[in-house]
Every structure is written in structure tokens, then in C-alpha cells.
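Heads up: the sequence lines are chains A and B, in that order.
With our numbering as the guide, the letters of the first sequence map in order to residues -10 to 358.
With our numbering as the guide, the letters of the second sequence map in order to residues -10 to 358.
The C-beta atom is built at its ideal place from N, Cα and C for all residues, glycine as well.
Number of protein chains: 2
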Amino acid sequence: MFVTPHGKVETPAFMAVGTLATVKGLDPEDLRRIGAQMILSNAYHLHLRPGDALIRSLGGMHRFMAWDGPILTDSGGFQVFSLEGLRTVREEGVEFRSHIDGSPRFFTPELVMRIERNLGADVIMQFDHVVPGQSEAPVAREASERSVRWLERCAAEFDVLGIEGDSAGQPYDMQALFPIVQGGIHDALRIEGAARVAAVRDWHGFGIGGLSVGEAKPDMYRILETVHDVLPRDRPRYLMGVGFPEDLVEGVRRGVDMFDCVAPTRMGRNGAAFTADGRLNIRRAEFRDDPRPLDDECDCTACARFSRAYLRHLFVADELLGLRLLSLHNVHFLVRLMRHARSALLGGTFDAWATAWLARYHSRSPVPR
Amino acid sequence: MFVTPHGKVETPAFMAVGTLATVKGLDPEDLRRIGAQMILSNAYHLHLRPGDALIRSLGGMHRFMAWDGPILTDSGGFQVFSLEGLRTVREEGVEFRSHIDGSPRFFTPELVMRIERNLGADVIMQFDHVVPGQSEAPVAREASERSVRWLERCAAEFDVLGIEGDSAGQPYDMQALFPIVQGGIHDALRIEGAARVAAVRDWHGFGIGGLSVGEAKPDMYRILETVHDVLPRDRPRYLMGVGFPEDLVEGVRRGVDMFDCVAPTRMGRNGAAFTADGRLNIRRAEFRDDPRPLDDECDCTACARFSRAYLRHLFVADELLGLRLLSLHNVHFLVRLMRHARSALLGGTFDAWATAWLARYHSRSPVPR
């Protein structure tokens, strides 16, 4: 559990992703009813559109999107480095072109801190250098070392912003800055990177970046174990951009406290739903007259009210309500999964619970009636 | 006010349109919170997809779409007759091709009654012959007279279905059949049509069809006055396919009790919002940093929580939440408008209220800050 200016977050926790200050297809009220504790948004995207200065002038992200719970903003490192061919990395920062209008941009650690300050999230991530998951050690080392140097610059700018104060000139300490540990799939680099990051200052929490970006799953799991051993035990660890239900369970098993991923909403919009017995695609003909809910054991508002037959009808007919209901179900599924993981951890039964949960999720597919 | 098996409906009332068993972009919970009393769906569309027999097998429309309030189904006459070039009218019925897959279909009054019975709405409309609003008297006469003959066949089949009983063989009287008065923009035809319809039996209510289909507004208003004088005073009159806010006020002024129209949801999806001062399009640049709600006087959940700036951002970024929020606001606007009309009618102040309301709605456009 950790505490933010907008409430506490029980861990492990899944954060729904609201890249553009809206979790796609869902209303903040939906998220509250689902039991979502914290949501994630993105500095890169909001800087380009509608603009972080605009959001600040309208009272900050919480007010802008009518979500009064905790918010975390990613810095946009991942987005900027995904613009292959459109960006140039220098020590000072990254030159790139906007994916919206092609306009030239230059992100530095300092600018990103100012953007995230304008947005006003509770937790803000450092600007980092992200490389593909299969990168060789020299490439991963360069990115990891640059990320540490940029972390130092982020921290310095973050302090300046705190001293500059809020709009009334009062000292501002409403945000926590999280560093991001890089190092690819190379254990030695991860150990070294984690140590360097931890040496910069006493952080409220740690991001684990550069995973789920193309590397093999066993590599990701091994790196989590490696990092687990070297990060401070009493601080939350946030595995960035992960994941699917099985990834969450495997991550918690390896000490991860926070996750985020677009999967539940993106898959929901495509008609795919998580169930305790694996994924199903609601468009399949077998669901045409199926009176059962998506998942018998789910207590989300979609499962409480609607049949698979109705949900399939919505998707076949291209009706908007279908997108919302499956997105809602999937986010609820992950939030509930993490609630069950918390219970199991508190009860000392996590390993048995996780093993049984994964076995069922992987071994069965939904059975037609 | 009138009473249905799924609750009472205070009139005048606006019915949100859920053509495919979903009011586009909205959840049944949204409709309940808005105060929507009755919603409309469509026999033609649901027969083609997902099929009325399927819906019956799943417990009927109310259960299928999780709306336990009153439902009205239109017969599909309007839809079938809109398939210009794709349909052939005979006295027996109408041959046409499905707009989905081109398959040949044949709708008769008897089949349409069975479809609407399968769907299980509280109020079902007769199968009628609809012609364009500018039709000459001979064409309008033919359609009106055929509609009366089809009404007699609908009524006979409706009685047979009632005697056949429900799935347990019990007599079935859970639906009300409404006739539809046709006659185009020709007063004499409307008077004659209304008299013939009323002579068939003692109806629970009357549909007024063939308006808002291309005729001039003054013609529509005059026909409403003509029909008002000849229909039984103590039965609700339902003006089909109307309308916009100003049409509702003008309609109530001329005795109309029920309305339906896709305008609030279709316009909402296009970014257009009703306000007391007229329509606004939320995409306009002037709203980029506008902290005000869509409509200062509105108490819908969109206006209570979100600024025009945020709503504009959602539309500019193609975010689904924008579609839902503007649809919700617009349906709420019409439901609330009819609530105000009821209060004014009960208080004996309707004419003054309507005049002031229309003057404000027509005379001003939203003022930039």
C-alpha cells in the first residue's frame, strides 16, 4: 500500500490506461465502480494534444478528466523512442516529429518534468531512454546509463519546480517522481542500473522499464527476479506496460506492485474478453444464443446484466455499447485479479493461489454449451 | 400519463431510440438516471439482426437489453418503404431485400405482428404504408387506405396471438397495439383516416405517421392541429420520428403526447449539443479552453463534471467517451424539456412557457466568452 495526495493505493494494483486523459470507452464513474484505484496517463500524448499548459490552466488532470483518484503519468520515453526513424537521440534530449502533425519537437528531461508538473499527476515518471527488448548489452548499457544521467537532471528540475511552488507561490510537494530502471535482458546491467538509480536519492517507488518490449517471457521473468533482489524492499515497484492476466500473476509472484497496460481496453474494443478459463472472442458464432454472462464468476456490471448473446449482437451490429461493456469487463477482471492476489498475499496463500489460477487460465478454453 | 406492464409513462414524453436494442452510445443505466421513461426499438431491424425468435428465446427485449422500463417497437413500415427500388408493394404485403445481406423478404401485417409479439415490447405499432411527405393526394390516399386495411389485419392477428397465449398457454394481454394515422399533408385525408382508424376499435393510443418525412414544417404543424381535433381526447397521441427540441415544443402545443427521434444520439455522435440557447458544435476552436459545461442550466452527468474544453478534446482525439457524453446530454435535454412541458401544462402556463422557450432557443447562439 502507498499513499498519494488523491488517496491510497493497495498493492499489487493494476492501473487502467487513459493515454489521452480518458480510459478508452469508459467513464470515470465506471472506473470508480470497478474499484480502480489509480489510472495512468501519458505526458507525450497530452503535451501534443490538447497541451499540458491548457490542462494546467483548467485545473490539472484530475479536474480536467473528472477523476479524483490517484493518477500516474508516464513521461513519454517509450513513445518517443518508438518513433523509429523520426527521432534523433542526443545527450541533451531527443529530437522528434509529432505523430499528429509532423511538427519538430525536442524533449529534454527538464521539459518533460515541466510537462508532468503541468499535468499534475500524483506520480510522475522520469524521462528515460528505452531500447527494444532484444538489444545487445552495449546498446542496453548506453540506454541504461543515459537514463541514469537523465534521472539526475529530472530530479534537479523536479526540485526546482518544487521550490518555485504552486500557483500561489507555496512550496509544492504534491507529486512523487519515480525513477525507471533500465538494462534490457542483461542481469548485470539491471543490477548495476538499479544500484545507480537507488544511489541518486531515496525514491518513493521504482519503475521497471524496457520489459514487455519484444523480449521473450522467460527473460522478462528472470529480470524481474534479478531486480527484485536489489531494489529496496519497502518501496513499490512498477512494471511498466504489463500486462495480460497471466503476466500480472507472474509479476506479483516476482515482487511487482503496480502494472499498467492498454490490453484490457484494446482487446475489449476488439471483442476479446478475459475469463477465468482464458480468453474468448465474443464475435464467434457459438455465442449467438448463449444466455450466460461473459464470465460466470464475474460481478462486473456487464456480466451482471447481459448475456453473451446480447454482447455478440452489439459487436456484430457495430454498436458502441459493446465496446464499453467489454472494456469495462476486462478492466474489472484485472482489478479484481489484483484484489484476489492481495488477499492471497495477506493470507499467506499466494503461491498456491497463483499456481491454481494460472493452471486454470492456461488449461481450458471456454466450453460451448 | 398512461400505464404499461413495465411502468407508467408521464406525458408528454420523449422516447430515446434504440433501433437495435441499444440506444446508441448509452447504457440502460444512463437512461434510467436521465429519467427516460420509455424507449423505442424497431421490428424491421431486430427481425433481420439478431432475429426476433432469438430475442424471444432469450426472454424478450426487456431482458435482452436489460431495460425493465416500457418499450415501444415500431413496425418497420417506415424502414421498408424507405428501401426505394428494393421493394414491391402488394395488397398482401411488401417484398423487399434485406439491407444487410440482400436476402429476399416478405413482410405482411400478420408477420409483423408475430415479430413484435416475439420482441415483447409494451406498445407495438401496426404495419403501415408510408409515403414521402410531399406526396400528392391520390398517392397519400392509397397509402392511408391500405394502412387502414392492414390495421384491420394487424388487429385480427393481434387477437389470435392473444388467444394463443404466452409460452405457458395463458391468455396474453401484455401488449398494446397502436394504429397509425396516415394521410400525408392533406387535411381531408387525415380527418378521414383518423375516423376510419378510430372506427376499427377502441385503441389505447394513436400513432401519427407520415410526418417529418420531407414535408414543410408549417404543413406538419397544420396537420397536427387537424388530427388533434378528430382523435379521442383521452388517448395518447404519438408523433412518430419527431424530433428536434423545437419540434417537441411545437408538437406538445398541438396536443402530442409522445415523440421519438434519433436526433439526440446521432447529433451527439457528431459533436452537436442542444442547449437552451440553441445548438453548439463542440469541435469548434472557440471551445478549446472553455471551462464551462455544455449548458449552464443542465444537470446531466456530462454537464455536472466536464468542461467544453474536455469534451472538445475527446472529439478532436476521437475518444469514445465523447460520443457517450454528448449523446447522454442530448437525450437528457429532451427528457428534461418534456418534464418542464408537463409542469407548465399542469400549472396552466404552457403557452407562455413555450413561447419564451422557443424565442430563446431560436434567437441566440452560444456566446463565446
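query                                                                                                                                        : result
Exposure label - Met(-10) of chain A; buried when at least 16 CB within 10 Å                                                                 : exposed
Contact between the region 338 to 349 of chain B and the region 236 to 256 of chain B (3+ Cβ pairs under 8 Å)                                : yes
Thr62 of chain B at chain A interface by Cβ criterion, 8 Å                                                                                   : no
Any chain B beta carbon closer than 8 Å to Tyr33 of chain A                                                                                  : no
Exposed unless 16 or more other CB atoms sit within 10 angstroms - verdict on Ser296 of chain B                                              : buried
Ala345 of chain A (DSSP reduced to helix, strand or coil)                                                                                    : helix
Supposed contact pair Ile212 of chain A and Leu423 of chain A - C-beta distance, whole angstroms, cut 8 Å                                    : This structure cannot speak to residue 423 of chain A, because chain A is shown only from -10 to 358.
Among A:Leu317, A:Val186 and A:Arg21, nearest to Arg255 of chain A - alpha-carbon criterion                                                  : A:Leu317
Integer-rounded CB distance, given that Arg226 of chain A should sit under 8 Å from Phe245 of chain A                                        : Reading off the sequence shown, one finds Val at residue 245 of chain A, where the question assumed Phe. At roughly 5 Å, the Cβ-Cβ gap stays under 8 Å, so Val245 of chain A and Arg226 of chain A are in contact.
CB contact below 8 Å: Ser361 of chain A versus chain B                                                                                       : Outside the modelled stretch of chain A, which goes from -10 to 358, sits residue 361 of chain A, for which no answer is possible.
Coarse secondary structure for Glu141 of chain B, derived from DSSP in three states                                                          : helix
Delimiting residues of the beta strand (DSSP E) encompassing Glu84 of chain B                                                                : Val83 to Arg86
Residues that Leu100 of chain A contacts on chain B, provided the C-beta gap is smaller than 8 Å                                             : Within 8 Å Cβ-Cβ: nothing; Leu100 of chain A doesn't reach chain B, min ~21 Å.
Gly199 of chain A burial status per 10 Å Cβ neighbour count (16 or more: buried)                                                             : buried
Three-way DSSP call (helix, strand, coil) for Asp396 of chain B in this model                                                                : Absent from the structure is residue 396 of chain B, since the part of chain B shown begins at -10 and ends at 358.
Contacts around Arg273 of chain A, its chain only, beta-carbon distance under 8 Å, and the 5 residues preceding and following it disregarded : Arg301
With 16 other Cβ atoms within 10 Å as the buried cut-off, status of Val(-2) of chain B                                                       : buried
Asp63 of chain B - containing beta strand (DSSP E), residue span                                                                             : Ile60 to Asp63
Alpha helix (DSSP H) segments (min. 4 residues) lying fully within the region 91 to 128 of chain A                                           : 98 to 108
Contact set between Asp278 of chain B and chain A, taken where Cβ atoms lie within less than 8 Å                                             : Leu43, Ser46 and Leu47
Cα-Cα separation, Met27 of chain B to Val128 of chain B                                                                                      : 33 Å
Check whether His(-5) of chain B and Gly58 of chain B have beta carbons under 8 Å apart                                                      : yes
Residue-chain proximity (Leu178 of chain A, chain B), Cβ-Cβ < 8 Å                                                                            : no
Among A:Ala298, A:Phe195 and A:Ala330, nearest to Arg222 of chain A - alpha-carbon criterion                                                 : A:Phe195
For Asp340 of chain A, three-class secondary structure by DSSP                                                                               : helix
Within chain A, partners of Glu275 of chain B - CB distance below 9 Å                                                                        : Within chain A, no residue comes near Glu275 of chain B; the closest Cβ sits about 14 Å away, beyond 9 Å.
Closest residue to Thr0 of chain B among B:Leu326, B:Leu309 and B:Thr338 (Cα-Cα distance)                                                    : B:Leu326
N-terminal and C-terminal residue of the beta strand (DSSP E) that Gly267 of chain A is part of                                              : Gly267 to Asn270
Under 8 Å by beta carbon: chain A residues contacting Val305 of chain B                                                                      : Arg38 and Pro39
Beta-carbon neighbours of Lys13 of chain A, restricted to chain B and to distances below 9 Å                                                 : Glu308, Leu309 and Leu310
Same chain, Cβ closer than 6 Å to Val6 of chain A, neighbours up to 5 away in sequence not counted                                           : Leu29, Asp249 and Val251
Chain B contacts made by the region 16 to 31 of chain A, where a contact means CB separation under 7 Å                                       : Asp16
CB of Glu105 of chain B within 8 Å of CB of Ala32 of chain B, strictly                                                                       : yes
DSSP three-state assignment for Asp191 of chain A, whether helix, strand or coil                                                             : coil
C-beta neighbour in chain A for Gly(-4) of chain B, strict 8 Å                                                                               : no
Proximal residues of chain A, C-beta to C-beta of His217 of chain B below 7 Å                                                                : Residues of chain A passing the Cβ test: none, with the nearest at roughly 37 Å.
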